[in-house]
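So for the sequence shown, UniProt numbering puts the first residue at 1; every next one is plus one. Written below as C-alpha cells is the structure these notes are about.
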Amino acid sequence: QITTVSGNEFLLQSDIDFLILDWFHAIKNAIDRLPKEQRITSRNLEFKLRRSSSIELLNNLDTESKEPKPEHRKSLIFRLNYSASDTNDRNRIKSRLKKFISRRPSLKTLQEKGLIKDQIFGSHLHLVCEHEKSTVPQFVRLCINAVERRGLDVDGIYRVSGNLATIQKLRFVVNQEEKLNLDDSQWEDIHVVTGALKMFFRELPEPLFPYCFFEQFVEAIKIQDNATRIKSIRSLVKKLPRPNYETMKILFEHLQKIAAKESVNLMSTQSLGIVFGPTLLRPEKETGNMAVHMLYQNQIVELMLSEYSKIFSSEED
1 QITTVSGNEF LLQSDIDFLI LDWFHAIKNA IDRLPKEQRI TSRNLEFKLR RSSSIELLNN
61 LDTESKEPKP EHRKSLIFRL NYSASDTNDR NRIKSRLKKF ISRRPSLKTL QEKGLIKDQI
121 FGSHLHLVCE HEKSTVPQFV RLCINAVERR GLDVDGIYRV SGNLATIQKL RFVVNQEEKL
181 NLDDSQWEDI HVVTGALKMF FRELPEPLFP YCFFEQFVEA IKIQDNATRI KSIRSLVKKL
241 PRPNYETMKI LFEHLQKIAA KESVNLMSTQ SLGIVFGPTL LRPEKETGNM AVHMLYQNQI
301 VELMLSEYSK IFSSEED
C-alpha cells in the first residue's frame with residue numbers, strides 16, 4: 001500500500017514475492033531520481049499532513065507558511081509548553097503509566113481468562129496445532145473442504161486473487177471466533193477462501209518447509225537422476241515435524257485433486273508450483289540468488305505434486 005504526500009492511496013497486490021520486490025525497487029528508484037529540492041518539499045508536506053488533524057490545512061498549505069503567527073499566540077504556546085504546572089502534570093502521568101504497566105496482567109493470564117484469544121494467522125504451526133489438539137489446523141481443513149465442494153472446476157483456482165478487503169475480513173473472523181462457516185454467503189467467492197488459505201501459509205513465522213530444511217530440499221531437487229531425486233525428497237519429508245508433515249500431506253493431496261481437473265480449471269502442477277512455491281518454502285535470509293531460489297521452490301512443489309504417491313507413501317524403502 002502506497003500513500004502519496006497528496007493523500008492518494010494505491011494498493012499493489014501480488015502473490016509472487018519477487019514481483020513485489022521489483023515494484024518496490026522501481027518505486028524507490030523513481031523517488032531517488034527526484035530533484036533534491038522536490039524531495040525536501042515533499043517531506044515537509046508529508047510532515048504537515050501527518051501532524052495536522054484539520055482538513056483546512058489541505059486548503060491552506062501555500063498560505064500558512066507566509067502568515068506570521070500573532071505575538072500573543074506565540075506567547076500562549078510557550079506558556080503551554082513550558083509552564084511548571086504542565087511539567088508536573090506530565091510527571092504525574094508518567095508515574096501513573098509506570099504503575100499501570102508494572103501491574104498489568106501477563107499475556108498468558110489474559111488468555112487463560114478468555115480476554116485474549118490465541119491467534120490463528122501469524123502463529124507458529126505447532127502452536128496452532130497444540131492449541132487445537134490436532135496435527136493439522138482446523139482452518140486449513142475447512143478451506144480445503146470448501147474448495148473441494150465448490151471450487152475444483154473454477155478457472156484459475158488459487159491463481160486468481162480474491163477481494164483483499166474480504167480476505168482480511170475473513171482473517172479477522174478466524175482470529176476472533178472459534179466457529180467458522182465458509183458456506184456463509186459473505187464467503188461465496190471461492191477465491192476469497194483460497195486467498196485466505198494462501199495468506200495463512202504466507203504469514204507463518206516459519207514456513208511449512210522449515211528454514212533448516214530449505215537448503216537440503218534445494219540440493220535434493222538439483223539431483224539429475226529422477227529416482228534418486230524422488231527418494232531424497234521423500235527422505236526429507238519424512239524428517240519433518242509431525243504438524244508440518246501432516247499439514248503438508250493433506251495440502252498436497254488437495255492440490256493433486258486441483259491438478260487432476262487441469263482441463264477445466266487450467267491449473268497444472270507447474271502452475272500450482274508457481275503459486276505455492278514461494279509461499280510454502282523460502283530461505284530464512286534472502287540473498288542475491290532470489291530468482292534461482294524461486295525456480296527451485298517451484299520445481300520442488302511441482303515434483304511433490306507429480307510424485308505425491310511415492311513421496312508420501314507409508315511404505316518403507
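We put the beta carbon where it would ideally sit given N, CA and C, even for glycine. Nothing here was measured: the structure is a model prediction, and the numbers come from that model.
What is the DSSP secondary structure of I120, reduced to helix, strand or coil?
coil
Using a Cβ-Cβ cut-off of 7 Å (strictly less than) and excluding sequence neighbours within five positions of E286, which residues of its own chain qualify?
So the list is empty, once near-sequence residues are dropped.
By a C-beta neighbour count over all protein chains shown, 10 Å radius and 16 as the cutoff for buried, is Y158 buried or exposed?
buried
Assess contact between the segment 220–231 and the segment 294–310, defined as three or more Cβ pairs (one per stretch) separated by less than 8 Å. Is contact present?
yes
Apart from the five residues on each side of it in sequence, which residues of its chain come closer than 8 Å, Cβ to Cβ, to I238?
Note on identity: in this sequence residue 238 is Lys, with Ile being the wrong assignment. Within the same chain, K238 has close Cβ partners Y245.
Are the C-beta of G156 and some C-beta of chain D separated by less than 9 Å?
Of the protein chains in this structure there is only one, and it is not chain D.
In this structure, does DSSP put I221 in helix, strand or coil?
Three-state DSSP puts I221 in a helix.
Output the distance between the C-alpha atoms of L274 and V140, rounded to the nearest integer angstrom.
According to the sequence shown, residue 274 is Ile rather than Leu. About 20 Å.
Mind checking C129: buried by the 16 CB within 10 Å criterion, or exposed?
buried
Quick check: what's the CA-CA separation for A196 versus N163?
10 Å
What did DSSP end up calling I27 once you bin it into helix, strand or coil?
DSSP places I27 in the helix class (H, G or I) of the three-state scheme.
So L152 packs on K257, CB below 8 Å; how close in whole Å?
6 Å
May I ask you to report which of helix, strand or coil DSSP gives F213?
helix
Measuring straight from C-alpha to C-alpha, what distance separates K310 and R234?
8 Å
Can you tell me whether DSSP reads F139 as helix, strand or coil?
In this structure, F139 counts as helix in the three-state DSSP scheme.
According to DSSP, simplified to helix, strand and coil, what is I190?
helix
Short check: CB of E302 to CB of I230, under 9 Å?
no
Look at F121 and F200 and say whether their C-beta atoms are less than 9 Å apart.
yes
By Cβ distance below 6 Å, which residues in the same chain neighbour V136 in space, the five residues on each side in sequence not counted?
E246, T247, I250
Going by Cα to Cα distance, which pick from E215, V193, G156 is closest to S232?
E215
Whole angstroms are fine: how far does the CA of R103 sit from the CA of F10?
A straight-line Cα-Cα distance of about 42 Å links F10 and R103.
Assign K198 to one of two classes, buried (16 or more other C-beta atoms within 10 Å of its C-beta) or exposed (fewer than that).
buried
Is the Cβ-Cβ distance between L21 and M290 less than 9 Å?
yes
Determine the DSSP secondary structure at F10, reduced to helix, strand or coil.
strand
Taking DSSP as the reference, what is the three-state secondary structure of I157?
In this structure, I157 counts as coil in the three-state DSSP scheme.
Give the C-beta separation of V193 and A146 to the nearest angstrom, bearing in mind that I take them to be a contact with Cβ-Cβ under 8 Å.
5 Å
Do you know whose CA, among K169, S185, F172, H126, lies nearest P205's CA?
H126
What does the alpha-carbon distance come out to for the pair I31 and L12?
17 Å
Nearest to A227 by CA position, among H25, K94, M304, W23, is which residue?
M304
Using C-beta distances below 7 Å, list every residue in its chain close to D155, excluding the 5 sequence neighbours before and after it, in chain order.
N265, L266
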